[in-house]
Amino acid sequence: MGIDIHAMTAPLFALWLPFVRILSFLHFCPVIRHKAFTRKAKIGTALLLAILITPMISQPVVSGELLSIENLLLAGEQILWGWLFGSMLHLVLAALEAAGQILSMNMGLGMAMMNDPTSGASTAVISQIIFTFSVLIFFTLDGHLLFVTIVLKSFSSWPIGEAINDFSLRSLALSLGWIISSATLLALPTTFIMLIVQGAFGLLNRISPTLNLFSLGFPIGMLFGLLCLLLLAINIPDHYLHLTNEILTQFERMKVH
Numbered sequence: 001m002g003i004d005i006h007a008m009t010a011p012l013f014a015l016w017l018p019f020v021r022i023l024s025f026l027h028f029c030p031v032i033r034h035k036a037f038t039r040k041a042k043i044g045t046a047l048l049l050a051i052l053i054t055p056m057i058s059q060p061v062v063s064g065e066l067l068s069i070e071n072l073l074l075a076g077e078q079i080l081w082g083w084l085f086g087s088m089l090h091l092v093l094a095a096l097e098a099a100g101q102i103l104s105m106n107m108g109l110g111m112a113m114m115n116d117p118t119s120g121a122s123t124a125v126i127s128q129i130i131f132t133f134s135v136l137i138f139f140t141l142d143g144h145l146l147f148v149t150i151v152l153k154s155f156s157s158w159p160i161g162e163a164i165n166d167f168s169l170r171s172l173a174l175s176l177g178w179i180i181s182s183a184t185l186l187a188l189p190t191t192f193i194m195l196i197v198q199g200a201f202g203l204l205n206r207i208s209p210t211l212n213l214f215s216l217g218f219p220i221g222m223l224f225g226l227l228c229l230l231l232l233a234i235n236i237p238d239h240y241l242h243l244t245n246e247i248l249t250q251f252e253r254m255k256v257h
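According to full-length UniProt numbering, the sequence shown is numbered sequentially starting from 1.
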């Protein structure tokens, strides 16, 4: 009785493309893309999810040759899908971070910067505080389970071989404008409050030119800025849910099937 090598390797080949898609998605999605999650942890998690999800795929794609041109193109499609959808989910946290940047500039704390360990760039301290708070909300609201659900449903909504289309790429381009508008709307109330405070100090300067507005205006502006930060922090969970629902709605529109 001979050994059928093809029958033995077929499950491994069926596992390959889902593994590539899941690994690419985990590499680009928010929170998990942080350097605190090592490459070994990402690869191990992607492999475990691929083993669990592959039997649930209705029509798995099995290629006879792992390094064939067709298989390499399909693997590239899975990497592009992971980058596209992972980056779109990251826009939720990016919008909240941008709102923190705007609030920091309005408070006069634009000089309070710290190094961002994820990108190596300098970001505002308030933006980092909002980012950390958003990450806690992410795990509190079972965001990691949402990622698993998206990956599981992706193989039926965006099957292998039909995962990327022109509408998907256009949606990502439009999402870049969406993040700017969302961050502006989040920071608009705080901007309006700080504008009133600055206008009041301008009026005081006209009434009493001898008043030292810098020594008086900076701490009062800081106080109102912290009040705005408190109001923003209270509403961050609602904003996070709203932004996440917007992204999920875009995913529904991008479905192939």
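Where is the CB? At the ideal position from N, CA and C, for every residue including glycine. It should be emphasised that the depicted structure is a prediction, and the values quoted were computed from it without experimental measurement.
Using the Cα positions of residue i and residue j, report the straight-line distance between them to the nearest angstrom.
i	j	result
Ala98	Ser127	7 Å
Asp142	Phe19	22 Å
Leu248	Gln198	39 Å
Val151	Leu203	56 Å
Ser207	Gln101	In the sequence on display, residue 207 carries Ile and not Ser. Those two C-alpha atoms are separated by around 33 Å.
Pro159	Arg33	24 Å
Phe13	Arg39	22 Å
Pro237	Phe139	12 Å
Thr191	Phe131	19 Å
Ser87	Gly221	35 Å
His242	Phe85	18 Å
Cys228	Met107	9 Å
Ser154	Pro219	51 Å
Thr149	Ser157	12 Å
Phe147	Trp83	14 Å
Leu72	Leu17	10 Å
Glu77	Ser68	14 Å
Ser122	Met114	5 Å
Met1	Arg253	A caution first: Met1 carries a pLDDT of 45, below 50, which makes its placement in the model unreliable, though a value can still be read off. Rounded to the nearest angstrom, the two C-alpha atoms are 52 Å apart.
Glu162	Ser58	15 Å
Ala200	Ser215	15 Å
Leu109	Pro189	18 Å
His144	Ala112	31 Å
Leu226	Thr184	18 Å
Identify the continuous alpha helix (DSSP H) that holds residue i and give its terminal residues.
i	result
Ser122	Here Ser122 belongs to no alpha helix (DSSP H); instead the beta strand (DSSP E) covers Ser122 to Ala124.
Ile53	Arg39 to Ile53
If you run the structure through DSSP and keep just helix, strand and coil, what is residue i?
i	result
Met111	coil
Cys29	coil
Thr210	coil
His34	coil
Trp83	helix
Ser159	The sequence given here places Pro at residue 159; Ser does not occur at that position. Three-state DSSP puts Pro159 in coil, outside helix and strand.
Asn245	helix
Ser58	coil
Leu141	coil
Leu215	The sequence shown places Ser at residue 215, not Leu. Note: Ser215 maps to helix in three-state DSSP.
Ser68	coil
His239	helix
Which residues in the same chain have their Cβ closer than 7 Å to the Cβ of residue i, if we skip the five residues on either side of it in sequence?
i	result
Phe224	Ile193, Met194 and Val197
Ala187	Ala99, Ile102 and Leu103
Thr244	Val92
Ser182	Ala95 and Leu243
Leu89	Cys29, Pro30 and Ile247
Thr45	Leu26
Gly217	Phe201
What residues in its chain sit with their C-beta under 6 Å from that of residue i, if we drop five residues either side in the sequence?
i	result
Leu49	Ile22
Using a Cβ-Cβ cut-off of 8 Å (strictly less than) and excluding sequence neighbours within five positions of residue i, which residues of its own chain qualify?
i	result
Tyr240	Val92, Leu96, Ser134, Ile137, Phe138 and Leu141
Ala233	Ile130 and Phe133
Leu15	Ala50, Ile51 and Thr54
Lys42	Leu23, Leu26, His27 and Ile32
At a threshold of 6 Å, does residue i count as lining the ligand SAH (C-beta to nearest heavy atom)?
i	result
Ile130	Here there are no bound small molecules, and the ligand SAH is not part of this structure.
Q: Evaluate contact between the region 50-60 and the region 15-30, counting only Cβ atoms and requiring at least three cross-stretch pairs below 8 Å.
A: Segments in contact, yes.
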